[in-house]
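These notes concern the structure reproduced below.
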Amino acid sequence: MPFWWWLQNRAYFNFIVRELTCVFVGVFAVLTLFQIRALADGPAAYAEFVSRLKTPGFILFNTVGLAALLFHGVTWFKAVPTTMIIRFGETRVPDQVIAGLHYVGWMAVSAVIAWILLLR
Amino acid sequence: MEGSNMAENITLTVSRYRPEEESEPTFQSYDVPYNKDWVILDALNYIKDRLDGSLTFRWSCRMGVCGSCGMMVNGTPKLTCAVPLSDYVSSGQIRIEPLQFFPVVRDLVIDLSSFLEKLSSVKPWIIRDDEKPSSEGEYLQTPAELDAYKQFSMCINCMLCYSACPVVGLEPEFTGPAVIALAQRYNLDSRDQGAAERMAVLNEHEGMWGCTFVGECTKVCPKNVDPAGAIQLYKMASATDWFKSMLLPWGSK
């Protein structure tokens with residue numbers, strides 16, 4: 292197989308992009324750890340951390356990363372019904388219901404976090 | 186006229202490979218009369234009957250149940266008996282190649298011995314610890330028990346999924362979608378007692394763990410077997426087995 296096999300068609304390309312979004316997930320996790328450490332180090336350290344996040348480089352990274360994470364989440368929810376076969380007797384729960392419930396859960400968790408961050 | 190429904194001819198560009206004459210495949214173009222009721226297999230048979238008797242390809246039932254006529258059509262693996270010419274009349278371009286990721290024997294015929302070896306390695310038959318004598322009658326199965334594996338039993342071994350799966354191309358020893366789905370067909374069959382034997386074979390990197398859930402196998406499957414689903418379910422069964430063995434080492438299944 293040539294090194295550029297994943298450029299052969301759209302499905303292969305989307306697959307590799309999907310896999311690469313995991314890198315952003317990992318980097319965000321590490322970033323969050325740094326954020327927690329800055330928080331623990333006191334207000335000055337935290338302020339310095341926040342000001343570093345406001346630099347153009349980080350804003351660009353976070354924008355691309357957000358798009359990557361959304362792509363990551365959507366492709367995951369599209370794949371989950373294939374792996375989750377739930378039957379009540381002889382009827383199988385439809386794929387859209389399983390995927391839909393994941394979106395509902397995602398929105399619910401996001402709403403709770405938004406409430407904590409913005410309203411409290 | 187290209188591009189209109191009144192087209193008289195359509196061109197098929199077909200991969201040719203004659204090992205006794207050449208070391209690499211070449212392409213040969215044929216003009217075939219356009220018939221809106223024809224499928225690609227009809228066009229290939231027209232070529233063989235009227236234009237070039239040396240063109241070599243496999244086909245049999247011409248109705249999508251035997252799995253013989255799989256080929257790459259414009260880069261996508263398809264059953265040529267199930268693809269109408271009318272799908273391509275507007276572009277006028279039809280490129281036919283042998284199923285990718287398999288060695289080519291001649292023209293559009295591939296060597297499928299690797300697939301057959303992988304298939305027998307997973308013991309695709311009912312395995313019993315205890316055989317019931319026929320005097321005791323049949324093994325009974327409820328509709329729900331049938332539903333548990335029926336979808337995976339629809340596989341016609343056409344190998345389109347192997348040509349769609351990039352892992353098959355990158356790692357030729359990967360067992361592959363159809364074989365793993367067929368193993369599941371028996372694992373999930375209530376009459377079967379061989380799940381542990383098959384798990385031992387497939388709980389390897391060349392088995393189920395080679396799969397990275399690209400999902401193309403399910404997309405190209407002409408019988409809606411959903412091999413990707415079969416493999417992911419198998420991964421979950423394997424993980425569950427592992428947790429059980431860790432937490433309950435003394436227990437038996």
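Quick note, the sequences are listed as chains A and B, same order.
In short: position in the first sequence from 1, add 291, done, that's the working numbering.
In short: position in the second sequence from 1, add 185, done, that's the working numbering.
Where a beta carbon is used, it is the ideal one built from N, C-alpha and C, also for glycine.
In whole angstroms, give me the CA-to-CA distance for residue i and residue j.
i: A424(B); j: S200(B); result: 44 angstroms
i: D411(B); j: Y337(A); result: 50 angstroms
i: A402(A); j: C313(A); result: 24 angstroms
i: Y202(B); j: D296(B); result: 13 angstroms
i: F319(A); j: G348(A); result: 15 angstroms
i: D222(B); j: P269(B); result: 7 angstroms
i: L432(B); j: K420(B); result: 18 angstroms
i: W414(A); j: I225(B); result: Because chain A spans 292 through 411 in this model, residue 414(A) falls outside it and cannot be assessed.
i: L304(B); j: F294(A); result: 29 angstroms
i: M384(B); j: K308(B); result: 11 angstroms
i: S276(B); j: V258(B); result: 13 angstroms
i: A358(A); j: F315(A); result: 10 angstroms
i: D332(B); j: I377(A); result: 12 angstroms
i: F300(B); j: K317(B); result: 32 angstroms
Could you check where the alpha helix (DSSP H) with residue i kicks off and where it finishes?
i: Y334(B); result: 328 to 335
i: P372(A); result: 347 to 374
i: G255(B); result: No alpha helix (DSSP H) contains G255(B), which is instead part of the beta strand (DSSP E) from 255 to 258.
i: N305(A); result: 301 to 331
i: P334(A); result: 334 to 344
Determine the chain B residues that contact residue i at a beta-carbon separation under 9 angstroms, and present them in chain order.
i: V380(A); result: Sequence check: residue 380(A) is Gly here, not Val. Neighbours of G380(A) on chain B, chain order: A329.
i: F306(A); result: P351, T397, F398, V399, G400, E401
Using a C-beta to C-beta distance shorter than 8 angstroms, which residues of chain B count as neighbours of residue i?
i: I377(A); result: Within chain B, no residue comes near I377(A); the closest Cβ sits about 12 angstroms away, beyond 8 angstroms.
With 16 other CB atoms within 10 Å as the buried threshold, where does residue i fall?
i: M248(B); result: exposed
i: Q336(B); result: buried
i: G252(B); result: buried
i: Q216(B); result: Contrary to the premise, residue 216(B) reads as Asp rather than Gln in this sequence. D216(B) is exposed by the Cβ-count criterion.
i: S348(B); result: buried
i: N372(B); result: buried
i: R370(B); result: buried
i: T373(A); result: buried
Taking residue i as the query, report the chain A residues whose CB atoms sit under 9 angstroms from its CB, ordered along the chain.
i: E293(B); result: First, the amino acid is wrong: residue 293(B) is Leu here, not Glu. In chain order: nothing, as chain A lies at least about 20 angstroms away.
Mind pulling the chain A residues with CB within less than 7 angstroms of residue i?
i: A363(B); result: The contacting residues do not exist; A363(B) stays about 16 angstroms from chain A at best.
i: G490(B); result: Outside the shown range of chain B (186 to 438) lies residue 490(B), about which nothing can therefore be said.
With respect to the beta strand (DSSP E) encompassing residue i, which residues constitute its N-terminal and C-terminal limits?
i: F212(B); result: 211 to 218
i: S200(B); result: 194 to 201
i: V290(B); result: 289 to 291
Mind pulling the chain A residues with CB within less than 8 angstroms of residue i?
i: A413(B); result: T373
i: Q378(B); result: Ordered by position in chain A, no residue passes the 8 angstroms Cβ test against Q378(B), which lies about 22 angstroms from the chain.
i: R421(B); result: The sequence as given places Met at residue 421(B); Arg does not occur at that position. Chain A residues near M421(B): T374.
message = Would you call the region 412 to 420 of chain B in contact with the region 357 to 369 of chain B, where contact means no fewer than 3 C-beta pairs closer than 8 angstroms?
response = yes
When you compare the region 305 to 312 of chain B with the region 335 to 352 of chain B, are there three or more beta-carbon pairs, one atom per stretch, that lie closer than 8 angstroms?
no
request  = Please confirm if the region 253 to 262 of chain B is in contact with the region 315 to 332 of chain B, defined as three or more CB-CB distances below 8 angstroms between the two stretches.
outcome  = no
Flag this pair as touching only if the region 295 to 311 of chain A and the region 397 to 411 of chain B have three or more C-beta atom pairs under 8 angstroms; answer yes or no. yes
Would you call the region 376 to 395 of chain A and the region 323 to 339 of chain A touching, i.e. three or more CB-CB distances under 8 angstroms?
-> no
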